[in-house]
Each structure stands twice: as C-alpha cells, then as structure tokens.
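If you read the protein sequences in the order shown, they are chains X and C. Residues in the first sequence are numbered consecutively from 1, following my numbering. Residues in the second sequence are numbered consecutively from 171, following my numbering. A virtual CB, placed ideally from N, CA and C, is assigned to each residue, including glycine.
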Amino acid sequence: MGAALFLVLAVLTVAAALGVVLHPNPVKSALFLVVTLFLLAVVFVLLEAHMIAALQIIVYAGAIMVLFLFVIMLLNLQIDDPERGRRRLVLRGLAWAGGILLAVELAVLTRGAPVGDVGTAPAGYGGAEAVAKSLFTDFLLPFELTSILLLVAVVGAVVLAQKQRRPTIS
Amino acid sequence: MIVPTEWVLMLSAVLFAIGVVGVLVRRNVIVIFMAIELMLNAVNLSFVALARAKGAVDGQVVVFFVMTVAAAEAAVGLAIIIASFRNRTTVNADELALLRG
Numbered sequence: 001m002g003a004a005l006f007l008v009l010a011v012l013t014v015a016a017a018l019g020v021v022l023h024p025n026p027v028k029s030a031l032f033l034v035v036t037l038f039l040l041a042v043v044f045v046l047l048e049a050h051m052i053a054a055l056q057i058i059v060y061a062g063a064i065m066v067l068f069l070f071v072i073m074l075l076n077l078q079i080d081d082p083e084r085g086r087r088r089l090v091l092r093g094l095a096w097a098g099g100i101l102l103a104v105e106l107a108v109l110t111r112g113a114p115v116g117d118v119g120t121a122p123a124g125y126g127g128a129e130a131v132a133k134s135l136f137t138d139f140l141l142p143f144e145l146t147s148i149l150l151l152v153a154v155v156g157a158v159v160l161a162q163k164q165r166r167p168t169i170s
Numbered sequence: 171m172i173v174p175t176e177w178v179l180m181l182s183a184v185l186f187a188i189g190v191v192g193v194l195v196r197r198n199v200i201v202i203f204m205a206i207e208l209m210l211n212a213v214n215l216s217f218v219a220l221a222r223a224k225g226a227v228d229g230q231v232v233v234f235f236v237m238t239v240a241a242a243e244a245a246v247g248l249a250i251i252i253a254s255f256r257n258r259t260t261v262n263a264d265e266l267a268l269l270r271g
C-alpha cells in the first residue's frame with residue numbers, strides 16, 4: 001500500500017516539477033513549485049519524517065514561496081517568450097540532465113543501496129523529540145552557527161533591497 | 171508504510187535533473203532560482219530516504235540545516251534580484267552579464 005501510494009506521488013511530483021521548469025509564466029511556475037513542495041511533504045510523511053514534513057510545509061511552502069510570489073508580483077513580470085527558438089540551449093540542458101540521471105541511476109542500481117525491506121522504524125522516529133534531541137546534542141554547534149547565518153541574511157537582505165542612496169560628496 | 175529506498179533515490183535523481191534543466195534552459199532569474207530550490211529539495215529527499223534506511227535521525231537534521239540555508243539564500247537572492255531590477259529593469263539572465271554596476 002505504501003509502495004503504490006509512493007508511485008502515484010512520484011508521478012504527480014515529477015509532473016509538477018516539469019510544470020515549474022516548462023511553464024512560461026513565472027507566477028504559475030511558482031504555484032507549481034508550491035504543489036511540488038506539498039507533494040514532497042507527503043513523501044516525507046511516507047518515509048516517517050513527520051517533523052521534516054511539517055517544516056517543509058511551514059518554511060518552504062509557507063515562507064519561502066510567499067517571498068517568491070511577492071517578488072514576482074512586485075516586479076510585475078510578464079510572460080517571457082524569448083525562451084522559444086533556443087533549440088541548442090535546450091538540447092544542452094537535456095544532455096546534462098540525461099548524464100546526471102544516468103550516473104545516479106547506475107550508481108543506485110549497481111552499488112546496491114540498502115535493498116527494499118528497511119523494516120519498521122523505532123518508536124518515535126522522525127518526531128519532534130527525536131530530531132530535537134539530535135539537533136541539540138550532536139549538532140549544537142552548527143545549530144548556533146545557523147542563527148548567525150540567518151542574522152546575516154536578514155541584515156544583508158535589508159541592505160540590498162533598500163533604495164539606493166546617492167553617495168554624498170563632502 | 172514501506173517504500174524501497176532505491177525508488178526514492180530515483181525520484182530524487184529525476185527531480186534534481188529537472189532542476190538542472192531549469193537552470194540551464196530558462197533565462198528568467200527568478201525561475202532559475204526556483205529550479206535551484208527544486209534541486210535542494212531533491213537532495214533533501216535523498217537525505218530523508220537514506221536516514222530512514224539507516225534508521226538514524228541524523229539525515230533529517232541535515233535536511234533541517236539545508237532548509238535554513240535555503241531560506242537565507244532565498245532572502246538574499248531575491249533582494250539582489252530586486253536591486254538589479256531597479257538598475258536594469260530586466261530579470262533576463264542573458265542581459266545581466268556584466269558584474270559592473
């Protein structure tokens with residue numbers, strides 16, 4: 001039942017991801033990306049990463065995508081058409097994608113990742129408590145560094161996005 | 171609720187490849203950004219799948235950090251896009267080829 005559900009989710013996710021890349025209208029691309037992120041959150045639940053699934057919806061689909069949509073609408077972008085007739089570029093992109101896919105699939109299939117039956121997860125696996133315990137013991141230093149990173153990002157975004165002031169000549 | 175790990179890794183690879191195509195083919199900077207987010211999510215997916223396969227929760231903590239970095243990157247990147255749009259009135263990557271302001 002889990003495997004069948006995963007297959008359906010995988011097809012839908014790939015379709016939505018293709019929508020992100022192929023749709024000429026940036027707003028609709030962003031909405032397709034929201035759909036992709038929601039579907040991935042469901043896959044995370046299927047893999048018993050409940051905490052990460054919740055974060056995925058709150059942080060990604062909630063905060064980051066709102067930022068994207070806000071900027072798209074702020075800049076008032078129209079549908080961009082110059083993407084058409086760029087056959088060589090498209091071919092090159094497809095070649096890269098095909099190469100990456102081939103390499104990864106070969107690695108997965110021949111190196112033998114842990115096969116099929118991964119057994120049942122221990123009780124409480126992937127919940128807030130288990131993740132938090134690991135986060136605040138083994139990963140405490142990176143966690144603190146993350147707060148500095150976010151502070152720098154906030155200050156940087158404010159400085160970059162504010163109106164340009166003329167350099168004053170004294 | 172058992173899903174073979176290989177399947178998840180393959181889905182992750184497909185999503186990553188779609189993201190690569192987006193970065194290489196699209197010329198709108200914001201769409202390129204979204205394709206990068208797609209690639210980050212593909213990597214997150216394989217982290218979660220392998221964490222599940224190992225029965226350890228460490229992979230999920232890494233995903234937490236990836237999300238944080240993605241949020242910071244989106245904030246700064248979009249601010250840069252707004253700033254460059256003010257100067258050039260374009261978000262076409264081909265026309266933003268100069269580093270000079």
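C-alpha of alanine 128/X to C-alpha of threonine 175/C: approximately 23 Å in a straight line. Under DSSP, asparagine 198/C takes part in a beta bridge, and its partners are Asn262/C. Leu33, Thr36, Leu37, Leu40, Val43, Phe44, Leu46, Leu47, Glu48, Ala49, Met51, Ile52 and Leu55: these are the residues of the segment 33-55 of chain X whose beta carbon lies less than 8 Å from some beta carbon of chain C, given in chain order.
For proline 26/X, the nearest CB of chain C lies under 7 Å from its own CB, placing it at the interface with that chain. Our two residues, alanine 61/X and glycine 156/X, have alpha carbons roughly 23 Å apart in a direct line. In this structure, alanine 41/X places its C-beta atom within 7 Å of the C-beta atom of alanine 53/X.
Beyond the five residues adjoining it in sequence on each side, valine 20/X comes within less than 6 Å, by CB distance, of Ser29, Phe32 and Leu33 in the same chain, given in chain order. Sequence-ordered contacts of the segment 177-197 of chain C with chain X read Trp177, Val178, Leu179, Met180, Leu181, Ser182, Ala183, Val184, Leu185, Phe186, Ala187, Ile188, Gly189, Val190, Val191, Gly192, Val193, Leu194, Val195, Arg196 and Arg197 [C-beta pairs closer than 9 Å]. Here DSSP, grouped into helix, strand and coil, assigns leucine 47/X to coil. Excluding sequence positions up to five before and after phenylalanine 6/X, its CB lies within less than 8 Å of the CB of Val43 and Leu46, all in the same chain and listed in chain order. Your pair alanine 249/C and leucine 74/X does not check out as a contact, with CB atoms roughly 11 Å apart and the cut at 8 Å. Interface residue (Cβ-Cβ distance to chain C less than 7 Å): leucine 12/X is not classified as such. Proximity of chain C to arginine 92/X at the Cβ level (cut-off 9 Å) is accounted for by Leu194 and Val195, in chain order.
The C-alpha of proline 26/X is placed about 7 Å away from the C-alpha of isoleucine 72/X. Within a 10 Å sphere around the beta-carbon of isoleucine 64/X sit 16 or more other beta-carbons, which makes this residue buried. Here the segment 145-154 of chain X makes no contact with the segment 206-225 of chain C; the two share fewer than three CB pairs at distances below 8 Å. DSSP places phenylalanine 217/C within a helical segment (H, G or I) once states are collapsed to three.
The beta carbon of alanine 128/X does not come within 7 Å of any beta carbon belonging to chain C, so the residue lies off that interface.
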